[in-house]
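In my numbering, the protein residues as written are 1 to 142.
I have placed the structure first, in the form of structure tokens, so that the comments after it can refer back to it.
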């Protein structure tokens, strides 16, 4: 079933026309990531979610490493260097980048000293890692 919720704008063949409010009320907004992933695994015809599971586990370990580094007793410059090393992983970087976009934009628009810039980005990356940790753990695969 495909729903066209354009509000009477374009007419699309083989769709059900409905208003946006009506369309939203039909769908269950309380679906957890675990339920979505279980649905993917249980599709007849066999979609193998093994690679997705491995990637989630690997990225979860990296986010834990960022959080462990932050809570460690190293100096700030050593912590920042270690977190930068972890972020060299392109997959993790792709997930963290949208979560630090506001800070990156702010930094690009203001003349800040290097230390303040580093601390702002560092704090945002640690915050992003905490958010990603919660997401990964909500999948039920971690």
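Using N, Cα and C, we set each Cβ at its ideal position, and we do this for glycine too.
Asked                                                                                                                                                      : Found
Taking the alpha helix (DSSP H) that residue 113 belongs to, which residues open and close that run?                                                       : Residue 113 -> no alpha helix (DSSP H), and no H or E assigned at all.
Mind checking who residue 40 pairs with in its DSSP beta bridge?                                                                                           : Its beta-bridge partners do not exist; DSSP assigns none.
Of all the options 91, 77 and 67, which has the alpha carbon lying nearest to the alpha carbon of residue 143?                                             : Residue 143 lies beyond the stretch modelled for the chain, which goes from 1 to 142, so this question has no answer here.
When the Cβ atoms of the segment 64 to 71 are set against those of the segment 101 to 108, are three or more pairs found closer than 8 angstroms?          : no
Using the three-state DSSP reduction, which class does residue 91 fall into: helix, strand or coil?                                                        : helix
Whose C-beta lies closer than 6 angstroms to the C-beta of residue 141 among residues of the same chain, with five residues either side of it excluded?    : 53 and 56
Beta-carbon within less than 7 angstroms of residue 62's beta-carbon, same chain only, minus the 5 sequence neighbours each way: which residues are those? : 86, 89 and 92
On a Cα-Cα basis, can you pick out the residue from 131, 137 and 80 that is closest to residue 117?                                                        : 80
Can you have a look at residue 83 and say buried or exposed, based on whether 16 or more other CB atoms are within 10 angstroms of its CB?                 : buried
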